[in-house]
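Reading through the structure tokens given below for one structure.
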Amino acid sequence: MKILVTGAAGFIGSHVVQWLQNAGHETVLLDNLRTGKRAHLPAGAPFYEVDLRDQAGLAELFAVERPQAIVHQAALANVRESMEDPITYAEVNIIGTLHLLELAKSYGCSKFVFASTGGAVYGEGEDGTESELAEGKTAPKSSTPPFTEKSPANPMDNYGANKLSCEHYIKLYSKNYGLPHVILRYGNVYGPRQDIRGEAGVIAIFVGAMIADRPTHITGDGAQVRDFVYVEDVARANVLAIATDVSGVYNLGTGQPTEINSIYRLLAELTGYGRKPAYRPRPAGEVRATWLDSTKAGQDLGWEAEVDLPDGLRRTVEWVRTAGVHD
Ligand SMILES: NC(=O)c1ccc[n+]([C@@H]2O[C@H](COP(=O)([O-])OP(=O)(O)OC[C@H]3O[C@@H](n4cnc5c(N)ncnc54)[C@H](O)[C@@H]3O)[C@@H](O)[C@H]2O)c1
Numbered sequence: 001m002k003i004l005v006t007g008a009a010g011f012i013g014s015h016v017v018q019w020l021q022n023a024g025h026e027t028v029l030l031d032n033l034r035t036g037k038r039a040h041l042p043a044g045a046p047f048y049e050v051d052l053r054d055q056a057g058l059a060e061l062f063a064v065e066r067p068q069a070i071v072h073q074a075a076l077a078n079v080r081e082s083m084e085d086p087i088t089y090a091e092v093n094i095i096g097t098l099h100l101l102e103l104a105k106s107y108g109c110s111k112f113v114f115a116s117t118g119g120a121v122y123g124e125g126e127d128g129t130e131s132e133l134a135e136g137k138t139a140p141k142s143s144t145p146p147f148t149e150k151s152p153a154n155p156m157d158n159y160g161a162n163k164l165s166c167e168h169y170i171k172l173y174s175k176n177y178g179l180p181h182v183i184l185r186y187g188n189v190y191g192p193r194q195d196i197r198g199e200a201g202v203i204a205i206f207v208g209a210m211i212a213d214r215p216t217h218i219t220g221d222g223a224q225v226r227d228f229v230y231v232e233d234v235a236r237a238n239v240l241a242i243a244t245d246v247s248g249v250y251n252l253g254t255g256q257p258t259e260i261n262s263i264y265r266l267l268a269e270l271t272g273y274g275r276k277p278a279y280r281p282r283p284a285g286e287v288r289a290t291w292l293d294s295t296k297a298g299q300d301l302g303w304e305a306e307v308d309l310p311d312g313l314r315r316t317v318e319w320v321r322t323a324g325v326h327d
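According to our numbering, the sequence shown is numbered sequentially starting from 1.
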């Protein structure tokens, strides 16, 4: 199949392209290189340096390439920035997605795969905020982690609201125009090519600092838990999403809650880092605990996470060392 991959120069998108190519698909790549890097673009595919907001540029790409499917990874994905600049975030993440949906409709695309987020879409669960729990309220089981796709969506930031909004539009295009879709709600993705100087991506940030022997810090007490899923597992899920006949929303996680403090200890061991982290105040609104139940992805897509945390961390450290990106 001829597949347009947006965000192809990004951390996850570049792996997705490689997995699609290895599965025998023809790829067309799009990115505006805002956070993506030209060096990450896999060879052997046409690349369009186009912004998601550039409706004419997107239309031209479709007229020339006529992709049969879209794997939409491009987004602005910085939670803090999304609170400071909600308009730009909505323009790129929501309107940009709508441009693609309109083109998918016009060109009769047979699949729309979307990178959503388990972390930001579920938030803390509907009634599971710390303050409410402190008041003695108990949350219904479905709204506490591990979240399933039936858990209430409760974004706590503009980025999460953008992604949930896109999910609604995608389902509407499916229903109204017969566009098959797969929405993948990723856990905390980590692995080679993640930006070691980014705002999120705690594993990449720790590895970069530890290998360069720079000081490190942890926000909050480090007891926050996340579901860390290796990037190649996520890329493989995108290939399965193209192949499936089913439309739906799927969590992609390991189902294992891991504390930030544990990540720190494991990485300090792997890199031989001896310094203690500085603890800084936890940002307001940061989710305390999130991890995902991916049973549905197992049933419908035949997907489960295959790379366990120690192996994934080892591979990430290896990549930062060999790519020399920590200097
Ligand atoms: N990294 C994670 O843990 C995680 C978790 C959940 C969901 N996601 C989602 O996965 C996708 C990929 O994220 P990533 O971690 O690889 O981030 P990334 O920043 O490396 O990739 C995003 C890509 O989109 C491109 N982009 C941004 N704005 C654009 C625009 N206006 N037009 C065209 N291209 C644009 C960037 O240049 C970049 O290459 C995003 O949709 C993100 O929301 C990531």
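Don't be surprised by glycine CBs; every beta carbon is placed ideally from N, CA and C.
Listed in chain order, the beta strand (DSSP E) runs fully inside the region 261-325 are 278-280, counting runs of at least 3 residues. The straight-line gap separating the alpha-carbon atoms of I95 and R53 is approximately 7 angstroms. In this structure, ligand 1 has no non-hydrogen atom nearer than 8 angstroms to the beta-carbon of Y230.
T316 has its alpha-carbon roughly 8 angstroms from the corresponding atom of Y190. Here A223 really is in contact with E259; their C-beta atoms are around 6 angstroms apart, less than 8 angstroms. Less than 9 angstroms divides the Cβ of G253 from the Cβ of A305. Residue side-chain check: D85 keeps its Cβ at 8 angstroms or more from all non-hydrogen atoms of ligand 1. The C-alpha of Y264 is placed about 19 angstroms away from the C-alpha of V325. Between I218 and R66, the alpha-carbon positions lie close to 46 angstroms from each other. Within the same chain, and ignoring the five residues on either side of L266 in sequence, the residues whose Cβ sits closer than 8 angstroms to its Cβ are L309, P310 and L313. In the DSSP assignment, Y48 is bridged to L30.
Using a 10 angstroms sphere on the CB of S106, the tally of other CB atoms stays under 16, which defines it as exposed.
By the criterion of a C-beta distance shorter than 6 angstroms, P145 is surrounded in its chain by A289, T290 and W291, once the five residues flanking it on both sides are discounted. Per DSSP, N154 is not a residue of any beta strand (DSSP E), being assigned neither H nor E. Taking a cut-off of 8 angstroms for Cβ pairs, the region 34-47 and the region 1-20 touch, as three or more such pairs fall below it. The criterion of a C-beta distance shorter than 9 angstroms is not satisfied by Q68 and K37. Of the candidates V249, L172 and V92, V92 places its Cα closest to the Cα of Q55. If you check the C-beta of R315 against ligand 1, you find no heavy atom less than 8 angstroms away.
Note that the region 77-91 touches the region 159-179; at least 3 beta-carbon pairs, one per stretch, sit closer than 8 angstroms. With fewer than 16 other CB atoms across the displayed protein chains lying within 10 angstroms of its CB, Q299 is exposed. Bridge partners of I183 according to DSSP: F114 and V249. Under a 10 Å Cβ-count criterion, E232 is classified as buried, with 16 or more other Cβ atoms of the shown protein chains found around its own Cβ. When the beta-carbon positions are compared, V5 and L33 stay at least 9 angstroms from each other. I183 places its beta carbon less than 9 angstroms from that of F114. In this structure, the beta-carbon distance from I170 to L101 falls below 9 angstroms. In the structure shown, H168 adopts helical secondary structure according to DSSP, grouped into three states.
By the criterion of a C-beta distance shorter than 6 angstroms, H25 is surrounded in its chain by M1 and I3, once the five residues flanking it on both sides are discounted. For G255, the closest C-alpha among the options W19, V64 and G118 is that of G118. Relative to ligand 1, S294 has its C-beta separated by 8 angstroms or more from all heavy atoms. Look at I12: its beta carbon is less than 8 angstroms from one of the heavy atoms in ligand 1.
In the three-state DSSP reduction, H217 falls in the strand class (E or B).
Its chain contains V28 as the residues whose beta carbon lies nearer than 6 angstroms to that of P46, once the 5 sequence neighbours on both sides are disregarded; these appear in chain order. Taking 8 angstroms as the cut-off, the C-beta of A75 counts as close to a heavy atom of ligand 1. In this structure, D213 lies near R275, with their beta-carbon atoms less than 9 angstroms apart.
In this structure, the CA atom of N188 is about 13 angstroms from the CA atom of G123.
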